[in-house]
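Peer 1:
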Amino acid sequence: MAYTRKQKEAILHHLRTERNKIAKRNEELKKKLAGQTYQRVMRRLNGVSVTLWDVKLKDIFQVERSQKLVAKTLLKDVQDMKRKLQHDIKRNGTHK
Numbered sequence: 001m002a003y004t005r006k007q008k009e010a011i012l013h014h015l016r017t018e019r020n021k022i023a024k025r026n027e028e029l030k031k032k033l034a035g036q037t038y039q040r041v042m043r044r045l046n047g048v049s050v051t052l053w054d055v056k057l058k059d060i061f062q063v064e065r066s067q068k069l070v071a072k073t074l075l076k077d078v079q080d081m082k083r084k085l086q087h088d089i090k091r092n093g094t095h096k
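Residue numbers (UniProt numbering): 1 to 96.
1) Given a cut-off of 9 Å on the beta-carbon distance, is the pair Tyr59 and Leu69 in contact?
2) Could you check the C-alpha separation between Lys6 and Asn20 for me, to the nearest Å?
3) Exposed or buried, which one is Val48 when buried takes at least 16 other CB atoms within 10 Å?
4) With distances taken between CB atoms, is the gap from Leu52 to Leu85 smaller than 9 Å?
5) For my contact list, Val63 and Met81 are in at a C-beta cut-off of 8 Å; report their separation, rounded to the angstrom.
Listed below in structure tokens is the structure:
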């Protein structure tokens, strides 16, 4: 079945219009999902105690290697580990 030039243009116009509608819908969905993800991340970050903001992950991992992590004592454990490390450095001149 052969299409006339006018029919081809009408089909192309319709397909472009549909493509644009789908692209717009996808963009809106992307923005909505990004906003929801941002809110989830911010909610979780705001749940972190202010006292833990300056604690480095490497220090947490170091404590985790030697004992099970407990949220209530995490800051104290990290500080104790740092104190012990400083004490060892002063005593031996090097660290492990």
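Ideal Cβ placement from N, Cα and C applies to all residues, glycine included. Keep in mind it's a predicted model, so treat the numbers as computed, not measured.
Peer 2: On the basis of the supplied data:
1) As a working mapping, residue 59 is identified with position 59 in the sequence shown. As a working mapping, residue 69 is identified with position 69 in the sequence shown. With the sequence shown as reference, residue 59 is identified as Asp, and Tyr is not the correct amino acid for it. No, these two residues do not count as a Cβ contact at 9 Å.
2) Against the sequence shown, residue 6 aligns to sequence position 6. Against the sequence shown, residue 20 aligns to sequence position 20. Approximately 21 Å between the Cα atoms of the pair.
3) Position 48 of the sequence shown holds residue 48. By the 10 Å Cβ count, Val48 comes out exposed.
4) Locating residue 52 in the sequence shown gives position 52, counting from the first residue. Locating residue 85 in the sequence shown gives position 85, counting from the first residue. It is not a contact, given that the beta carbons lie outside the stated cut-off.
5) Locating residue 63 in the sequence shown gives position 63, counting from the first residue. Locating residue 81 in the sequence shown gives position 81, counting from the first residue. Indeed, because the Cβ distance is near 5 Å, the residues count as touching under 8 Å.
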